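Chemist:
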Amino acid sequence: MAPPSHIDFFEGHPVAGHSKWANIQHRKGRQDEKRGKIWTRIVREITVAARAGGADLSANPRLRLAVDKAKAANMPADRVKYNIDKATGNQEGVNYEEIRYEGYGIAGAAIIVDTMTDNRVRTVAEVRHAFSKHGGNMGTEGSVAFQFKHCGQMIFAPGTSEDQVMDIALEAGADDVIADDDGAIEVLTSPAEFEAVKNALEAAGLKPEVAGVTMRPENTIDLSADDAAKMQKLLDVLEDLDDVQDVYHNATL
Numbered sequence: 008m009a010p011p012s013h014i015d016f017f018e019g020h021p022v023a024g025h026s027k028w029a030n031i032q033h034r035k036g037r038q039d040e041k042r043g044k045i046w047t048r049i050v051r052e053i054t055v056a057a058r059a060g061g062a063d064l065s066a067n068p069r070l071r072l073a074v075d076k077a078k079a080a081n082m083p084a085d086r087v088k089y090n091i092d093k094a095t096g097n098q099e100g101v102n103y104e105e106i107r108y109e110g111y112g113i114a115g116a117a118i119i120v121d122t123m124t125d126n127r128v129r130t131v132a133e134v135r136h137a138f139s140k141h142g143g144n145m146g147t148e149g150s151v152a153f154q155f156k157h158c159g160q161m162i163f164a165p166g167t168s169e170d171q172v173m174d175i176a177l178e179a180g181a182d183d184v185i186a187d188d189d190g191a192i193e194v195l196t197s198p199a200e201f202e203a204v205k206n207a208l209e210a211a212g213l214k215p216e217v218a219g220v221t222m223r224p225e226n227t228i229d230l231s232a233d234d235a236a237k238m239q240k241l242l243d244v245l246e247d248l249d250d251v252q253d254v255y256h257n258a259t260l
């Protein structure tokens, strides 16, 4: 099954360039288990994107990415259309606002939590409770975001031709191509160039396993087995909150 695509094209923890391929497979497995949750998040993303930029896919790149994500998650086309109509005034809808929270996890690992909510009082209380109950703590705005780069990211499976990916990606406007120790290949772009680079690669028959506009950690923190387990629990609890869209971190688990 193809992985969901987000404007992060994948929900939850971003996969840094040095991450092991097994971690990507683990993430995809968890996503498949939470298909209903993913649909809820996609609906919110479609709603916010359509409300901000209109219903015309050709003129709204954020909405195009959200619709691509819906297709990858096998959401019916009529449900996609219904939510676009609802967001643009043709149906009654809920107003969501986007709020980012920042904080620290186990051993000081940096965490960013992106939410869409119709009740910010509820959301901040739930996020703060998750941090405090599971060994982390909320930070102030900007306290950890500087440790991440907002960028487009595509990851190709081990065995993919590095030369082919590099030639096409750089020609299409990618910023960097990184070969990981485990054979996976990571392509990085600016957010604005992500769609063009992804389309060029897919046109050449190169389909990424993971693709999206994400917050990629500039540096990572290695955690011991015990700390990694605690960190995973904190991340899982944050991800499972109803208002949370994405969780990014800089821990190597």
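Residue numbers 8 to 260, in the numbering used here, belong to the letters of the sequence shown in order. Using N, Cα and C, we set each Cβ at its ideal position, and we do this for glycine too. Computed from a predicted model, the values in this text were never measured in an experiment.
Among the residues of its own chain, which have a CB less than 7 Å from the CB of Thr-196, if the five just before and after it don't count?
Modeler: Closer than 7 Å at Cβ, skipping near neighbours: Cys-158, Gly-159, Gly-180, Ala-181, Asp-182, Val-204.
Chemist: Where does the unbroken beta strand (DSSP E) through Asp-183 begin, and where does it stop?
Modeler: 183-186
Chemist: Output yes or no for whether 8 Å exceeds the beta carbon distance between Ala-79 and Glu-52.
Modeler: no
Chemist: Which residues in the same chain as Ala-56 place their Cβ atom closer than 7 Å to its Cβ, once the five residues preceding and following it in sequence are excluded?
Modeler: Asn-67, Arg-69, Leu-70, Ala-73
Chemist: If contacts are defined as beta-carbon pairs under 8 Å, then Thr-227 and Asn-257 qualify, I think. What distance do you get, rounded to the angstrom?
Modeler: 5 Å
Chemist: Starting from the Cα of Val-244, find the closest Cα among Pro-165, Thr-147, His-136, Glu-209 and give me that residue.
Modeler: His-136
Chemist: Would you call Ala-59 buried or exposed, if buried means 16 or more other Cβ atoms sit within 10 Å of its Cβ?
Modeler: exposed
Chemist: Measuring only the C-alpha atoms, how far is Arg-223 from Arg-86?
Modeler: 31 Å
Chemist: Please classify Gly-115: does DSSP put it in a helix, a strand, or coil?
Modeler: Reduced to three states, the DSSP call for Gly-115 is helix.
Chemist: Can you tell me which of the three DSSP states His-141 falls into?
Modeler: coil
Chemist: What residues match up with Arg-223 in a beta bridge as DSSP calls it?
Modeler: Lys-156
Chemist: Tell me which same chain residues have a C-beta within less than 8 Å of the C-beta of Thr-124, skipping the five on either side of it?
Modeler: Tyr-103, Glu-104, Ile-106, Thr-130, Asp-250
Chemist: Could you tell me the distance, in whole angstroms, from the CA atom of Glu-133 to the CA atom of Asp-253?
Modeler: 15 Å
Chemist: Leaving out five residues before and five after Leu-64 in sequence, what residues of the same chain have Cβ atoms less than 7 Å from its Cβ?
Modeler: Non-local beta-carbon contacts of Leu-64 in its own chain, meaning distances under 7 Å to residues more than five positions away in sequence, involve Leu-70, Arg-71, Val-74 in chain order.
Chemist: What number of angstroms, rounded off, separates the C-alpha of Asp-187 from the C-alpha of Pro-165?
Modeler: One C-alpha to the other measures close to 9 Å.
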